[in-house]
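Novice: Take this structure first; my questions come after.
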Amino acid sequence: MLLDSHAWVLWTVLAAAAAEPYLGTRIGKLNTHFHGVSGELYVVDDTTLYLKDFHYDGTGPDAYFWAGSSTRPDHTGFIIPDEKGSRDRHYAWLPSALVNTIFFMNIGPGPEGANFGDLIIPRNLEIPKPAVLKALPTWDHGVSSGRVSLVDAQTFLVPDFKYDGLGPAAYWWVSKGPKQHRGGTRLLDENGSDAPLAPATGKTVFISLPDGMSAYDIDRFGVWCDAAQVDFGSISIPHNVRVPPSSRRTTGRTTRGLNCQVLHEPLGLEVRWVLERDQAVMQMVGRVRQGEYMSFGLSKDDTKSRMLDADAIVAWIDRNGRGHAVDYYLSSKEQVCEELVCFEARKFHTLLSQCVGNRGSCPDNKISRRAADSVTMLDAAVLNGYHMVTFRRPQAAQDPNYDQHIYSDGPQAVMWAVGPVNDHSDASYHSVHSQGDVFLDFARQPAWNCPAPDDDAMEGNSAGDGSAVAEDTWKIPPVVCPADGVFQMQIGPAGGRKGYQAVTGQVGWGIAWYVNGVLIPELWVQRGKTYTFMVEGGNDPENTAKNHPLYITSDPGGGYEHKSVAERKVERVYAGVARHKNGRPYPTAVGRLCEWQLPLGEQPDEYNSFEQFRQRLQLQCQAGSPAYLRWTPDRNTPDLVYYQCYTHRHLGWKIHVVDSCTPSNSTGRRAAG
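Heads up: the sequence shown runs through residues -19 to -1, 1 to 654, numbered per mature numbering (1 follows the signal peptide of the UniProt record, and there is no 0).
Structure representation (structure tokens):
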């Protein structure tokens, strides 16, 4: 960012003149070389440096803030951009410039120019970060909460806050000493009111300390009844944690109010946020099942909600009650139908692939070794069937390739989705997602455009323990000993919650094998007889979403290509895999892609039976030929094996191997038409 004599760098360098007691981790004073450059540098958090008492005479040519990862200032450095990513086009910006990856900062015109001032940043620096504390205990009047987070030195995040409202004059309160007492300090509520607290049945609140006070000045935080001199529930504040300084100390800006926007009413899906300094504290709320994620993304296209290449956060609560919030990039390389013609110009469903290696819809740190997860998990809770996950991310993109800025100057295009988390803790194909273009203004005047958190309607829609009532599993007809010995293997939709997931008990990723037109049927074969699998799963190694070789295996999950050496040793492959001379495995049953497709806008869960669903599907085949895999099970073949995909996990199902197929069990090639 180009500097003048009164510059404010809004992303990684923030300049101010007033001294404050706590500004983060102190690095030291700039070494002054030219143009009166001076100042004292602090680390605010993992993406922010604060320059106190910055001075520069403004007469130098094209002065910028620079940083780099070498041990001293040199030509390998990069310009620190502002919050919208602006930088001089003549210089390069390295991605993922987190504070713990840079070891110098200097001020000057560039690699070939003079160094006006610099400072070496020590390694193993203690970087401030939010601290997760204990939950408020229930001592009186039903006060409780999820685990409280100290977002910065003056801001508490209290999730899932409950209070019956019946106490006489109860307030948010802080005190010095081992217990709360009447000599403590009364705090304003989340709306800035000094009135006694109203009843609460699970809302999330941000509570701020007054100017001149930080978390390091107090010992307890909680709800105190001033009239009765009773502590309704409080926690101790540790002083051995290093959290970011308050934004009021570094930018002069006060905390913005909490915003909320409904994304999808049937699931009660909401996004809540507050902008703090150059950070956004966000919360996803939704009536989802255990093992389902809620995702929220920022489009790289400012004009429309484009899922491909988007920057997304995937949040969920696992079966152990642990919350997760992960930085994702939705790779365009794994598209199936977004910008391709999929049966008469986009009449059919868009599909983004699950993460395979470093391609597909993947966490940033799986896409590239140079990419980083810029999302910090803060808290997770389940309230009346609503899953609530709270996290923090920088307002500015940390990587120009995989991240997107949160704008502070107007609406921007966003999108959302809900879907299952697979057994690798990765997001699988979404079951519900945003439709059309959605725009959100993150820097708007605070507005709560959601049902009140205490609304009885929220409880009325609850799923109790967070798991919705299971729908009836579709009855999938088996394919038993086909008379001609042929199985036609094609790809199609996984059938939502009533299909693959309900049948197998595993989370798929939106597509699955169709055998003779049937979604993952159980197959029956006879030992000693040769069977032919006509494989039309796709043959495009550059786009794994359209590359599904077939193989027969002892492993219920499949996905041989991406398994470790140790995992391959315990798996038995019966057909579909050969080896090069160097011992490297490769699939042999790789044919053209034929795909059963559901019309755009229709959802599998709308259908009561597979037969109804099947009637809506239409088959589309690419040019090319099928592959043929011939397999003869013998006496050494176990009674149960699996047909699976070589490149992905959980696309297929069971093969029962028997000694004899009775005539009454024999079927023709088509088990469903």
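The C-beta atom is built at its ideal place from N, Cα and C for all residues, glycine as well.
According to DSSP, is Q482 helix, strand or coil?
Specialist: Helix at Q482.
Novice: Check each candidate in G9, L168, C241 and name the one with the smallest Cα separation from A428.
Specialist: Nearest to A428 by alpha-carbon distance, out of G9, L168, C241, is C241.
Novice: What is the C-beta distance between Q578 and Q601, in whole angstroms, given that I count them as a contact (C-beta under 8 Å)?
Specialist: Q578 to Q601, Cβ: 6 Å. Contact.
Novice: For L248, count neighbouring Cβ atoms within 10 angstroms of its own Cβ and tell me buried if that reaches 16, exposed if not.
Specialist: buried
Novice: What do you reckon, are the CB atoms on S409 and G400 nearer than 8 Å?
Specialist: yes
Novice: Whose CA, out of S126, L138, H14, lies closest to the CA of G98?
Specialist: H14
Novice: State the CB to CB distance for the pair N12 and L131, rounded to an integer number of angstroms; the pair is presumed to be in contact (CB under 8 Å).
Specialist: Not confirmed; about 34 Å, so no contact.
Novice: Please classify R560: does DSSP put it in a helix, a strand, or coil?
Specialist: Three-state DSSP puts R560 in a strand.
Novice: Does the CB of P219 have a neighbour CB from chain C at under 8 Å?
Specialist: Absent from the structure: chain C. Only one protein chain is present.
Novice: Suppose you measure from the CA of E542 to the CA of M515; what does that come to, to the nearest Å?
Specialist: 21 Å
Novice: Enumerate in chain order the residues of its own chain whose CB-to-CB distance from L364 is below 7 Å, with the five nearest sequence positions on each side excluded.
Specialist: D141, G183
Novice: Taking the runs of the beta strand (DSSP E) that are 3 residues or longer, which of them lie wholly in the stretch 131 to 203?
Specialist: Correct list: 136 to 144, 151 to 156, 166 to 168, 181 to 189.
Novice: Apply the 10 Å Cβ neighbour rule to A398 and answer buried if 16 or more other Cβ atoms are within range, or exposed otherwise.
Specialist: Burial call: buried.
Novice: Buried or exposed for D436, please, with buried defined as at least 16 other CB atoms from any protein chain shown within 10 angstroms of its CB.
Specialist: With a pLDDT of only 45 at D436, under 50, the local geometry of the prediction cannot be trusted, and the value read off the model is given with reservation. When all chains shown are included, D436 counts as exposed.
Novice: Check this for me: beta carbons of A112 and V222, under 8 Å apart or not?
Specialist: yes
Novice: Helix, strand or coil for V399 per DSSP?
Specialist: The answer is strand: DSSP assigns V399 an E or B state.
Novice: Can you tell me the Cβ-Cβ gap for L169 and T6, rounded? I've got them flagged as a contact below 8 Å.
Specialist: That pair is no contact at about 29 Å.
Novice: Thinking just about the alpha-carbon of each residue, which of H162, H36, D360, W254 is nearest to the one in Q376?
Specialist: W254
Novice: Assuming R630 is part of the beta strand (DSSP E), what are its boundary residues?
Specialist: Here R630 belongs to no beta strand (DSSP E), and DSSP marks it neither H nor E.
Novice: Assign T371 to one of two classes, buried (16 or more other C-beta atoms within 10 Å of its C-beta) or exposed (fewer than that).
Specialist: buried
Novice: Considering just the uninterrupted stretch of the beta strand (DSSP E) at V551, what are its terminal residues?
Specialist: Premise fails: V551 is in no beta strand (DSSP E) and is neither H nor E.
Novice: Taking contact to mean 3 or more Cβ pairs, one atom from each stretch, closer than 8 Å, check whether the stretch 149 to 161 and the stretch 376 to 391 are in contact.
Specialist: no
Novice: Helix, strand or coil for P344, going by three-state DSSP, please let me know.
Specialist: When DSSP states are grouped into helix, strand and coil, P344 belongs to the strand group.
Novice: Just grab the DSSP bridge partners of V211 for me.
Specialist: Partner(s): C206.
Novice: Hey, which unbroken runs of the beta strand (DSSP E) at 3 residues or more fall wholly within the stretch 339 to 395?
Specialist: 342 to 344, 357 to 364, 367 to 375
Novice: If you draw a straight line from the alpha carbon of V295 to that of G491, how long is it in whole angstroms?
Specialist: 17 Å
Novice: With a CB to CB cut of under 7 Å and the five nearest residues on each side skipped, what residues in its chain are close to residue 663?
Specialist: Absent from the structure is residue 663, since the part of the chain shown begins at -19 and ends at 654.
Novice: Just verifying my parser: in three-state terms, what is the DSSP assignment at G242?
Specialist: The question names Gly, yet the displayed sequence has Gln at residue 242. Of the three classes helix, strand and coil, the one that applies to Q242 here is strand, per DSSP.
Novice: Using 10 angstroms around the beta-carbon of T185, count the other beta-carbons present and answer buried if the total reaches 16, otherwise exposed.
Specialist: buried
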